[in-house]
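Take a look at the structure set out below.
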Amino acid sequence: MNELSGSEPHDGYAYFGLEVKEARMHARLTQKELADATHYQPPYISKVENGLLLGSVQFAMACDRVFNTSGFFARMRDRINRREHPSWFEPYVKWEGQAESILNYSANLVAGILQTEEYAHAIYRNAHPTASKQWVKHKVEARMRRHEALERENPPLLWVILDESCLHRQIGGRDVMRGQLGRLLGEAESPNTTLQVLPFSTGAPPATESFILLTFTEDPPLLYEESWSGGHVIDSAAQVVTATAAYDRLRADALSPDESLALIKKVMLEEYSR
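Taken in order, the sequence shown gives residues -1 to 272; the numbers are from our numbering.
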């Protein structure tokens, strides 16, 4: 959600749009008048102001001309375009790239770090149906680059526990799911990656929401969790201990790695084969 009133913008697109809207209102221009002055259409202005589209380089330069802001919008647009993630997620990405181990519990969707491009695209497109192709492409590319954390010289231990619903929930259709499950099987071949599936048969899970634990060689461990309003990196020792205990119970309830891979193969063949 990109609310432009009553709260801080959640990402760069929304922030750029808010600044355009504030400048337009300060200049006492309607969206139609700004559209005419910048040689764009009113629906384009609306999408920019609502954070659904990052204005083009030409649009940013036109805003600087109309509002007499001496390159402010062009510079802001360039900085935002180089930023990859929502502001609330950037601290996590920084720590993820330095972690010694990444312990991930995915309650509904395949862990972002292991998603295929097609799977991620389907998630973003469905969650943001009115967003531009440019915005979705930007978000998907950023998510794909997170895999680089597993490709560094001393890669972390990645341990992912997937609720069984992650295997059956059809994201993007059968072809996309077949590719995604195939990706999981391929990633599991790495000695640094362990996958487990928490089967439906275990009943109520020890945790109902997704979360991630990061451990480090020298720094204290961190907990990352998300809510509807965004994500939070938590360094509270008490909360980390509680989350670690929950993760240990999830590991105990989950299928063994070999059994988990067998289930993934079974679901791929029975539900997503051509």
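Glycine residues also receive a C-beta, built at the ideal position from the N, C-alpha and C atoms.
- Exclusion of the five residues before and after Tyr117 leaves Val108, Ile169, Gly170, Val174, Gln178 as the residues of its chain whose Cβ lies within less than 7 angstroms of its Cβ.
- For Asn124, there is no enclosing beta strand (DSSP E); the residue is part of the alpha helix (DSSP H) that begins and ends at 115 to 125.
- Your pair Leu212 and Ala241 does not check out as a contact, with CB atoms roughly 11 angstroms apart and the cut at 8 angstroms.
- Along the length of the region 46 to 108, whole beta strand (DSSP E) runs at least 3 residues long occupy 99 to 104, reported in chain order.
- Rounded to whole angstroms, Glu185 and Asn48 show a C-alpha spacing of 38 angstroms.
- Remark: C-beta atoms of Phe209 and Glu98 do not approach each other more closely than 7 angstroms.
- Linking Ile43 to Gly229 through their CA atoms gives a straight-line distance of about 29 angstroms.
- If you look at Glu224, you'll find it in the beta strand (DSSP E) that goes 220 to 225.
- Note on the region 168 to 244: whole beta strand (DSSP E) runs with a minimum of 3 residues are 191 to 196, 209 to 213, 220 to 225, 228 to 232, in chain order.
- Looking at Asn190, Glu162, Ala72, Val18, the one whose alpha-carbon comes closest to that of Ala202 is Glu162.
- The beta carbon of Met74 is closer than 7 angstroms to those of Phe14, Glu17 in its chain, skipping five residues each way along the sequence.
- Counted as a single uninterrupted DSSP element, the alpha helix (DSSP H) harbouring Ile262 occupies residues 255 to 270.
- If you draw a 10 Å sphere on the C-beta of Ser104, you find 16 or more other C-beta atoms in it, and that means buried.
- The alpha-carbon of Tyr270 is positioned some 38 angstroms away from that of Val238.
- In this structure, Thr200 is the residue among Glu31, Thr200, Val265 with its C-alpha nearest to the C-alpha of Ala250.
- For the 7 angstroms CB-CB criterion, Phe65 and Ala21 form a contact.
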